[in-house]
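Inspection log for the structure reproduced underneath, given as structure tokens.
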Amino acid sequence: MHEPSEAPLIMTLELAPEEQAWAQAQRDLYFPRERNIVPAHVTLFHALPAEYLTQVQTLMRQPCPAPLVTIGAPYLLGKGVAYRLSSPEGAAIRASFCALIPKDRMTRQDQAPWRPHLTVQNKVSPEQARDLHHRLLAEPMREAHPAAALTLWRYLRGPWEQIERAAFTPGRDHSA
244 MHEPSEAPLI MTLELAPEEQ AWAQAQRDLY FPRERNIVPA HVTLFHALPA EYLTQVQTLM
304 RQPCPAPLVT IGAPYLLGKG VAYRLSSPEG AAIRASFCAL IPKDRMTRQD QAPWRPHLTV
364 QNKVSPEQAR DLHHRLLAEP MREAHPAAAL TLWRYLRGPW EQIERAAFTP GRDHSA
């Protein structure tokens, strides 16, 4: 087991407040209670090496306009359901962190192209997942919103410990 200071770092993209509240409500409704131990999140990195904490925090603290995030259609995970997300600006932010850490120090999952998603159900039967997917497909699409912040967590073999939250700066007018 890792000492807390050596535990991998997780970086997430926090949605706008109303979208984050909606995502958490979805997760609270559909995620198995015993497995719902972390908040609704959009993962940028699953396991960054702890030795890069200072560099990651320094980059996080740089002023950055809020990236636009679009929550798309739900899709099946096999034993769960997630929403596809789109955020070209979020992908650019992720790329800046990728440039900070040598590729050979990143996990395969974090080296892979970013496929942003929001998991609202997992570890259920395929039948339950298909039923929820069918119901969620009938719901109206959500509007795009600027994200709120980057959040850095320490993985503690279950719950996560929040290390830092860096709010995005008010940026470009995304309403045009």
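Residues in the sequence shown are numbered consecutively from 244, following our numbering. C-beta: ideal position from N, C-alpha, C; glycine also. Remember, predicted model here, so these are calculated numbers, not experimental data.
Own chain residues within Cβ distance below 6 Å of Pro292, not counting five before or after: Result list for Pro292: Arg348, in chain order.
Any 3 or more C-beta pairs closer than 8 Å across the stretch 279 to 288 and the stretch 253 to 269: yes
Do the stretch 268 to 280 and the stretch 302 to 317 touch if we need at least three Cβ pairs shorter than 8 Å? With a cut-off of 8 Å, the stretch 302 to 317 and the stretch 268 to 280 do not count as touching, because too few Cβ pairs lie within range.
In whole angstroms, give me the CA-to-CA distance for Pro310 and Thr412. 10 Å
With a floor of 3 residues, list each beta strand (DSSP E) that falls wholly inside the stretch 362 to 403, ordered by position along the chain. 392 to 398
Bridge partners for Leu311 per DSSP, in chain order? Pro389
Alpha-carbon to alpha-carbon, Leu287 and Ala391: Computed Cα separation, rounded: 14 Å.
Sort His377, Gly333 and Arg373 by Cα distance to Trp357 and report the nearest one. The shortest Cα separation from Trp357 among His377, Gly333 and Arg373 belongs to Gly333.
Decide if Pro389 is buried, meaning its Cβ has at least 16 other Cβ atoms within 10 Å, or exposed. buried
Proximal residues to Gln352 (C-beta, below 8 Å), its chain only, five neighbours per side dropped: His289 and Ala290
Please state the DSSP three-state secondary structure of Thr412. strand
Taking Cβ positions, are Gln364 and Gly323 nearer each other than 7 Å? yes
Please classify Phe274: does DSSP put it in a helix, a strand, or coil? coil
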